[in-house]
Amino acid sequence: MVKQIGKEVKKQAVCTCNRCGHVMNAHHTVPAEDCLYVEKVWGYFSQKDGARHSWCLCEACYDELVSGFVIPVETGEVTEFV
Ligand SMILES: [Zn+2]
70 MVKQIGKEVK
80 KQAVCTCNRC
90 GHVMNAHHTV
100 PAEDCLYVEK
110 VWGYFSQKDG
120 ARHSWCLCEA
130 CYDELVSGFV
140 IPVETGEVTE
150 FV
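The following block contains the structure:
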C-alpha cells in the first residue's frame, strides 16, 4: 500500500482490508498473507475523469466478492513465481 506523506511516498509492507479492516500479517516487513490490491485511474469517459482510486481486500473478502459474480473468475495455475 502506498501512503502519501507530504511529498514523500512511503510503501508499506502490510495492508489493511478496505472491506473488513483486517490487517494482513507480516513477519518484519515481509507479508505473510496475500491480498488483492486494486489501483484504477478513471478515464475521460467516466464520471471520475482523472481520479485515482486504490483499495485492498483480504482473501476472505475477495472470496465473498467473487462468489457473487454472474460469470465465474477465470482460473489457471502458476508454477513459477518471479
Ligand atoms: Zn477483508
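Read left to right, the sequence shown gives residues 70 to 151 (my numbering).
C-beta: ideal position from N, C-alpha, C; glycine also.
Computed from a predicted model, the values in this text were never measured in an experiment.
Query, Result
"Which residue's Cα is closest to the Cα of residue 106: 99, 135, 127, 98?", "127"
"Just checking residue 112 against ligand 2 - is the residue's beta carbon closer than 8 Å to any of the ligand's heavy atoms?", "Although ligand 2 was asked about, the structure shown includes only ligand 1 as ligands."
"Ligand 1 and residue 90: does the residue's C-beta get closer than 8 Å to at least one heavy atom of that ligand?", "yes"
"According to DSSP, is residue 89 part of a helix, a strand, or is it coil?", "coil"
"State the Cα-Cα distance for the pair residue 115 and residue 93, rounded to the nearest angstrom.", "32 Å"
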